[in-house]
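Below is one structure, written out as structure tokens; comments come after it.
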Amino acid sequence: MKQKQRSVISWLVEFAGTHKRLYTASVLLAVCGVACSIAPYILMGDIVTELVGGVKQWEGYRNACILMALFWALRVVFHALSTTCSHKATFHVLGNIRKSVCGKLARVPLGRVKETPSGSLKNIIVERVDSIETTLAHVLPEFTASLLAPLAIFIYLCIIDWRMALASLISLFLGLFAYMGMMVGYEESFKNTVKKTKILNDTAVEYINGIEVIKAFGRAQNSYEKFKKAAKEGADCYVEWMSRCNVFFSIAMVVFPCTAISVLPIGGMLVKNGSLAVSDFILCIILSLGLITPLITVMSYSDDIGKLRTILGEVTEVLCWEELKRPECDRKKPADYSINLHNVTFGYEEKEVLHGINMDIREGTVNALVGPSGSGKSTIAKLIASLWDVDGGSILIGGVDIRELSLEEYNRRVAYVSQDNYLFDDTIRENIRMGRMDATDAEVEEVAKKSGCHEFIMGLEKGYDTVAGGAGGHLSGGERQRIAIARAMLKDAPIVILDEATAYTDPENEAVIQAGVARLVQGKTLIVIAHRLSTIADADKIFVVNGGRIVEEGTHGELLAKGKLYAKMWESHISARSISNDVPPLDGTPRSTMSRAGECPNTAFSAL
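With the numbering used here applied, the sequence shown corresponds to residues 34 to 641, in that order.
Below is the structure:
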């Protein structure tokens, strides 16, 4: 919570890291550029003074002009070097911001990430962070130069005549009144544009991701209307804001640079009464022309600075999300890979969905979670996989609370396969290799063969070098699932969690996958979630989940003998299979459990 009170500057210093020296160099070079930009005014003033005094040293004037041109060229060089340094530092800052946010997402509970629209997170990480590049790269050097230059000129004007120095600021104060009118309601207006832009971004992502459903159900018009409304509101909020500010902005920009409206009459009066020399009057006119323009540049950055503050606020809000409570390294070493849940409670936001879950899973056994949809099976699996932290109770691995184990080491111990696994827009070979990045090509292909997906991969245009597409879009749902299983098997973790891992496969391929899984999980602690009860009938222990509680546990035979919820679910299961002419034996034993390894393995465990 303390991080939320940190200033924007402190966050930027942290993101800059070792590249802060580039910003320092940028400021120093900007100061040198300011000195070079002021020098021509001083030389010009000397020329004017000598001309008014009747001095006709043409060669000296020529040399002074050459020197002014040299100073102007140096100003350009220093400015270029300054912005080069600031750009290099800025790109490192943007990279560090993005890496910090992405790293944070990997350390926070999965639910915290999922409850935030993916479009909003993508917008923050990509577009919003990218939009502050110009501000970070230009504000520091140019803000420095634009403040120092008029300050130096004003000091020089005070040396010549303090009255003329004050006279040159009159147009600035008049313009500020108009500028203040423009800034009324600035924060609310800017927040409104941020809000409407987020809504537009989320709606666009939703529209694109759901285009298949939209077309299939003929909802294109309604869905497009929602997107069109968001797009219109996203544009209107800017138009309304700019329309309100245009009059004030125009007045301010006209009045600001008009230093002559005060300098000429006041200076003329002072010359007339003899309190100001003509040469000094002319010099003050020249210097006043370079006084306000840099200040206008400074004020123009107010919008960018406000935007920077808002965007960094969004970024730091994500960085302040509560993380999973894990140490950097294991505090204790698990004795084995048994799993125990003691009085575990968990809820999404305000609603508790798991109520006092107790489970004992022995190392190297096959365990199944079954129950009605929404009963909490997947939530239990995700808690064991450390995707969330429990609200109450504890989960032990080998007698050690998983909160005593580092997240990185724990992830090496667990392989988790859900029914909605994600494939990256990379080759199939590299998607499988993500299970273990140091795996050789031969090891990748070997695990693909054992997982039953080698044949379909070789049937693709480029085999293992075929690109899966965004989210695996070039493959079918079943093919994506088989790749995900191969990836998990390559990880070779001692604990394997399969959450409806064959949900998208057809019966023929399901048998192949399950036979492969059976070979690859031998000796491991396996947790399976399945709706097809025939696939888990051979499990060493079956846990029946209903309403967020474990209502039964035991083997298939023991649960049938009890005649409770599992027995009713089994009866419904075999009735459904009867309709498809796949009736099991009359004793209720699934045909799959009658075969063992090498016969007709229709379960993930028949080979065990």
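Beta carbons are placed, not taken as given, at the ideal position from N, Cα and C, and that holds for glycine.
Bear in mind the structure is a predicted one, so any value in this text is a computation, not a measurement.
Contact defined as beta carbons within less than 8 Å: I believe residue i pairs with residue j. What is the distance between those atoms, to the nearest angstrom?
i: M522; j: V480; result: 5 Å
i: G380; j: V578; result: At roughly 16 Å, the Cβ-Cβ gap does not stay under 8 Å, so G380 and V578 are not in contact.
i: K366; j: R436; result: That belief does not hold up - the Cβ atoms of K366 and R436 are roughly 15 Å apart, past 8 Å.
i: C69; j: F104; result: 5 Å
i: I465; j: A519; result: 5 Å
i: S601; j: T588; result: This sequence places Lys at residue 601; Ser is not what is there. Not a contact, Cβ separation roughly 17 Å.
i: V81; j: L316; result: 6 Å
i: S406; j: D532; result: Going by Cβ atoms, the distance from S406 to D532 rounds to 13 Å, so no, they are not a contact pair.
i: S312; j: V85; result: 4 Å
i: H388; j: R582; result: 5 Å
i: H487; j: E494; result: Not really, about 16 Å apart at Cβ, beyond 8 Å.
i: V423; j: V386; result: The pair is not a contact, with the Cβ atoms about 12 Å apart (cut-off 8 Å).
i: A178; j: V67; result: 5 Å
Does residue i pass the burial test, meaning 16 or more other C-beta atoms within 10 Å, or should it be called exposed?
i: I234; result: A quick correction: the sequence has Asn, not Ile, at residue 234. So N234 counts as buried.
i: C135; result: exposed
i: L100; result: exposed
i: G300; result: buried
i: F111; result: buried
i: K524; result: buried
i: T51; result: exposed
i: I42; result: exposed
i: T473; result: exposed
i: P73; result: buried
i: A113; result: exposed
i: W603; result: buried
i: S644; result: The structure shown has nothing for residue 644, since the chain only spans 34 to 641.
i: I338; result: exposed
i: V450; result: buried
i: E148; result: exposed
i: S40; result: exposed
i: I344; result: buried
i: N614; result: Reliability of the predicted coordinates at N614 is poor, the pLDDT of 47 falling under 50, and the value obtained from them is presented with this limitation in mind. Burial call: exposed.
i: D620; result: Residue confidence for D620 is low, a pLDDT of 43 falling below 50, so the modelled location carries little weight; the figure read from the coordinates is stated next. Answer is exposed; the Cβ neighbour count stays below 16.
Would you check whether the ligand GTP has a heavy atom nearer than 7 Å to the C-beta of residue i?
i: K305; result: Because no ligand of any kind appears in the structure shown, any question about the ligand GTP cannot be addressed here.
When the distance is taken between beta carbons, is residue j closer than 8 Å to residue i?
i: F176; j: Y334; result: yes
i: I329; j: F282; result: no
i: A368; j: F576; result: no
i: L62; j: S115; result: yes
i: I430; j: I413; result: no
i: G397; j: G556; result: yes
i: V500; j: D471; result: no
i: A448; j: A526; result: yes
i: E29; j: R140; result: With the chain covering 34 to 641 only, the question about residue 29 has no answer from this structure.
i: D79; j: A97; result: yes
i: V162; j: V351; result: no
i: P174; j: W421; result: no
i: D363; j: L438; result: yes
i: K229; j: C270; result: yes
i: F260; j: A237; result: yes
i: W354; j: K155; result: no
i: I490; j: I530; result: no
i: G485; j: R513; result: no
i: Y33; j: S419; result: This structure cannot settle anything about residue 33, because the visible part of the chain is limited to 34 through 641.
i: V399; j: A263; result: no
i: I71; j: I241; result: no
Among the options, which one has its Cα closest to the Cα of residue i?
i: L403; options: T378, T460, L154 and V584; result: For the record, residue 403 in the displayed sequence is Val; it is not Leu. The candidate whose alpha carbon is nearest that of V403 is V584.
i: M197; options: S567, A178 and I318; result: I318
i: S605; options: R462, R342, L429 and R565; result: R565
i: S417; options: K384, P405 and S371; result: Before going further, note that residue 417 is Ile rather than Ser in the sequence given. Looking at the Cα atoms, S371 is the closest of the given residues.
i: A49; options: N373, I569, R446 and A122; result: A122
i: H171; options: C118, S484, K495 and D194; result: C118
i: L320; options: L598, V296 and I338; result: V296
i: I528; options: E382, Q514, R446 and K495; result: R446
i: K53; options: N129, V67 and Q90; result: N129
i: V227; options: L76, R342, G590 and D571; result: R342
i: Y27; options: F314, V399, I75 and I241; result: Outside the shown range of the chain (34 to 641) lies residue 27, about which nothing can therefore be said.
i: I158; options: N225, A268, G93 and G346; result: G346
i: S222; options: R277, E239 and I193; result: R277
i: F314; options: V64, R469, I193 and H507; result: I193
Touch check for the segment 203-219 and the segment 121-140: three-plus C-beta pairs under 8 Å? no
Quick check: the segment 311-324 against the segment 179-186, are there 3 or more CB pairs under 8 Å? yes
Report yes or no: do the segment 215-225 and the segment 270-284 share at least 3 C-beta pairs separated by less than 8 Å? yes
Could you tell me whether the segment 162-171 touches the segment 200-209, using the rule of 3 or more Cβ pairs below 8 Å? no
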